[in-house]
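To keep things clear, I will list the structure first and then write my remarks on it.
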Ligand SMILES: CC(C)(COP(=O)(O)OP(=O)(O)OC[C@H]1O[C@@H](n2cnc3c(N)ncnc32)[C@H](O)[C@@H]1OP(=O)(O)O)[C@@H](O)C(=O)NCCC(=O)NCCS
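In the UniProt record's numbering, the protein residues as written are 1 to 144.
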């Protein structure tokens, strides 16, 4: 994966509650962190506080981490659709300098207040906070 094109954001410190029974990083914890990180990225790129994860391509767990390691999560938008945003993800172990996982495609969809896809109107990555929502986002009101 091309590191130069990925923006690494959040770092995590691997703690005892993040381990599996083998004593290494639990994949479920990692996926939870990535999904949250990717959600925030999708909100900032699509300018809508109401987004959902639609699709994740195969996840390649390349190496692991152990308690006390620090990891960093990187994301980059690869395709702006009409209502969706596709991104690529990589997580690296800051101690071993190895890649922990890669996900080629994570797709988020921008939703309206009824939970229907809504166009976001963007075609390019922003590196600023210019699309940050400026109000609280009420929960989706699902159709009866
Ligand atoms: C997100 C959701 C509203 C989309 O509904 P939908 O009927 O598939 O909507 P559409 O067919 O209009 O597709 C919306 C966008 O998603 C994209 N999409 C749909 N299915 C896809 C798939 N399998 N893979 C990649 N992209 C997909 C479409 O290409 C479209 O993007 P575009 O507008 O940029 O071209 C609906 O599937 C949903 O609510 N899913 C649950 C999401 C959720 O709760 N996620 C949290 C995990 S529990």
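Every residue gets a Cβ at the ideal spot worked out from N, C-alpha and C, and that includes glycine.
Endpoints, alpha helix (DSSP H) assigned at residue 31: 27-46
Residue closest to residue 78, alpha-carbon to alpha-carbon, out of 133, 21, 118 and 105: 105
Distance CB(residue 108)-CB(residue 85) smaller than 8 Å: yes
At least three beta-carbon pairs within less than 8 Å, the segment 108-127 to the segment 35-45: yes
Through-space distance from residue 102 to residue 26, alpha-carbon basis: 15 Å
Cβ pair count under 8 Å reaching 3, the segment 87-100 against the segment 121-135: no
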